[in-house]
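Residues 48 to 207 in my numbering are what the sequence shown lists, from first letter to last.
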Amino acid sequence: MGAKGCTDLMMLLHRTGHALETELTARLAEIGLTPRARCVLSTALDAECTQSEIAEIVSIDKTTMVVTLDALESAGYAERRPSATDRRARVVVVTELGREIVAKADDVYREVVTSVLASLPDGEREGLVNGLTRLMEGRLSTVVPCEKPPRKRALRHAIG
Numbered sequence: 048m049g050a051k052g053c054t055d056l057m058m059l060l061h062r063t064g065h066a067l068e069t070e071l072t073a074r075l076a077e078i079g080l081t082p083r084a085r086c087v088l089s090t091a092l093d094a095e096c097t098q099s100e101i102a103e104i105v106s107i108d109k110t111t112m113v114v115t116l117d118a119l120e121s122a123g124y125a126e127r128r129p130s131a132t133d134r135r136a137r138v139v140v141v142t143e144l145g146r147e148i149v150a151k152a153d154d155v156y157r158e159v160v161t162s163v164l165a166s167l168p169d170g171e172r173e174g175l176v177n178g179l180t181r182l183m184e185g186r187l188s189t190v191v192p193c194e195k196p197p198r199k200r201a202l203r204h205a206i207g
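Here is the structure:
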């Protein structure tokens with residue numbers, strides 16, 4: 048409870064999100080991947096997207112996207128190839144090795160989320176997920192204009 052008996056929703060969401068992100072980061076590190084890399088690879092699977100399109104979808108800046116893709120290419124998980132529809136554009140293609148690591152990362156993700164949700168009573172699990180989904184698709188779906196907005200996090204697909 049925060050000031051005047053009100054629940055500090057922002058702090059609860061921030062702390063639980065941070066704890067989940069930290070656990071997922073640690074577990075993905077065991078297979079040599081980061082949440083951001085998983086997010087980029089998952090988004091690129093069979094999508095024919097450019098790196099700019101992927102950066103927009105996963106909410107990361109262009110510089111971070113370039114660094115992430117460079118690392119994914121070095122690891123043999125992805126390649127930049129000419130687009131079949133626009134000869135000026137290059138699309139991100141996930142390699143067979145990349146598909147294998149995404150499958151492993153998805154298994155890790157499912158294990159972590161299952162474990163986290165299992166810590167709640169049966170009746171609360173679905174309600175929590177449904178409520179958060181409704182908030183993100185409804186009331187919190189539109190970003191409010193802000194002179195100095197908080198930094199965006201690349202979690203849109205990393206945890207979901």
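Ideal Cβ placement from N, Cα and C applies to all residues, glycine included.
Exercise. Would DSSP call T97 helix, strand or coil?
Worked result: strand
Exercise. Bridge partners of V140, per DSSP?
Worked result: E126
Exercise. Going by alpha carbons, who is nearest to L67 out of R186, P196, V155 and E95?
Worked result: V155
Problem set entry | CB contact flag (A125, V149, <8 Å) | no
Problem set entry | Any 3 or more C-beta pairs closer than 8 Å across the region 115-129 and the region 161-178 | no
For this session: For the region 58-75 and the region 111-123, state whether three or more C-beta atom pairs, one from each stretch, are separated by less than 8 Å.
Result: no
Exercise. On the three-state DSSP scale, how would you describe L167?
Worked result: coil
Problem set entry | Where the alpha helix (DSSP H) through V82 begins and ends | At residue 82 the sequence reads Pro, which differs from the Val that was named. Segment P82 to A91, the alpha helix (DSSP H) holding P82.
Exercise. Can you tell which of G123, V191, T72 and I104 has the C-alpha that lies nearest to the C-alpha of V87?
Worked result: I104
Problem set entry | Endpoints, the alpha helix (DSSP H) within which E77 is located | Neither: E77 is in no alpha helix (DSSP H) and is coded neither H nor E.
For this session: Report yes if the CB atom of I78 is closer than 8 Å to the CB atom of A152, and no otherwise.
Result: yes
For this session: Report the three-state DSSP secondary structure of L35 (helix, strand or coil).
Result: The displayed coordinates of the chain run from 48 to 207. Any statement about residue 35 would go beyond what the structure contains.
For this session: Give the secondary structure of I104 by DSSP, where H, G and I count as helix, E and B as strand, and everything else as coil.
Result: helix
For this session: With a 10 Å radius around its C-beta and 16 neighbouring C-beta atoms as the bar for buried, classify L75 as buried or exposed.
Result: buried
Exercise. G123 and L92: beta carbons closer than 8 Å?
Worked result: no
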